[in-house]
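Mapped onto my numbering, the consecutive letters of the sequence shown carry residue numbers 57 to 250.
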Amino acid sequence: MLERLDQQLFLFINSHNSPFWDQVMYIISGKVTWIPLYLAILYILIKKYRRKFLVLVLIIIIGITLSDQISVLVKNSFHRLRPCHTAALEGLVHLVKGICGGAYGFVSSHASNSFMVAVLSFSLIKVRWFTFGMIFWALLIGYSRIYLGVHYPGDVICGSFIGALVGWGVYQLYQLIERKLLTGSEYFNRIKAL
Numbered sequence: 057m058l059e060r061l062d063q064q065l066f067l068f069i070n071s072h073n074s075p076f077w078d079q080v081m082y083i084i085s086g087k088v089t090w091i092p093l094y095l096a097i098l099y100i101l102i103k104k105y106r107r108k109f110l111v112l113v114l115i116i117i118i119g120i121t122l123s124d125q126i127s128v129l130v131k132n133s134f135h136r137l138r139p140c141h142t143a144a145l146e147g148l149v150h151l152v153k154g155i156c157g158g159a160y161g162f163v164s165s166h167a168s169n170s171f172m173v174a175v176l177s178f179s180l181i182k183v184r185w186f187t188f189g190m191i192f193w194a195l196l197i198g199y200s201r202i203y204l205g206v207h208y209p210g211d212v213i214c215g216s217f218i219g220a221l222v223g224w225g226v227y228q229l230y231q232l233i234e235r236k237l238l239t240g241s242e243y244f245n246r247i248k249a250l
């Protein structure tokens, strides 16, 4: 029943398309499209965290690696076909530019990675407009994957959950490291004061 509902919601979203939105969603879903955003986030983090930035780089690398690899592991474990590879939906899927991707789509790596970036970055930057902007950006990426015909809504929702969880987890790891570093530096400052 859940799978049928997922297919119906997919067909509803995917069927509302136009040549203009095909181009927009294709660009939104592109990985290189968002390089300026990633660079802007890194710039803000450099300005805000200065000496702690190298630790942050390590945390970001861990987050991206975990988010991406967990989503691939789930795909290779569940073997749920993408809508564009599902025989029952043949002729019903609006596929933009004929690009479908690999055979399996559960979960969406795009959704996982974008939500990881969103949660980690707004946890570090802590500005309300930025938080809302990053959530909107991650939701838009997820929506684009359904629009393009390569993921079911369930793929995107579960991928988003994994990414958000990884983002939260690596932020907790950063806080733990920061507390340990702070404790260590306070210890050395006290020794110097003696």
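Here a beta-carbon is modelled for each residue, glycine too, at the ideal position from N, C-alpha and C. Bear in mind that the values here come from a model prediction, so they are computed numbers and not experimental data.
If you look at P139, you'll find it isn't in any alpha helix (DSSP H); DSSP assigns it neither H nor E.
For E59, the enclosing alpha helix (DSSP H) stretches over residues L58 to S71.
By a beta-carbon distance limit of 8 angstroms, I191 contacts A174. Their separation comes to about 6 angstroms.
Look at Y208 here: in three-state DSSP terms it is coil, with no helix or strand label.
The beta carbons of H150 and S71 sit closer together than 8 angstroms. Assignment of beta-bridge partners to Y160 by DSSP yields L137. Proximity to D124 across S164, M81 and L195 peaks at S164, based on C-alpha coordinates.
In this structure, P139 sits away from F217, with a CB-CB distance that is not shorter than 8 angstroms.
Secondary structure note for W77: its alpha helix (DSSP H) is the uninterrupted segment P75 to S85. Distance from the CA atom of L232 to the CA atom of F109, rounded to whole angstroms, is 15 angstroms.
Of the residues T121, K182, A144 and Y160, the one whose Cα lies closest to the Cα of N132 is Y160. Contact annotation, G119 with V222: C-beta distance approximately 6 angstroms; criterion of less than 8 angstroms satisfied. Counting only the Cα atoms, M81 lies some 30 angstroms from V113.
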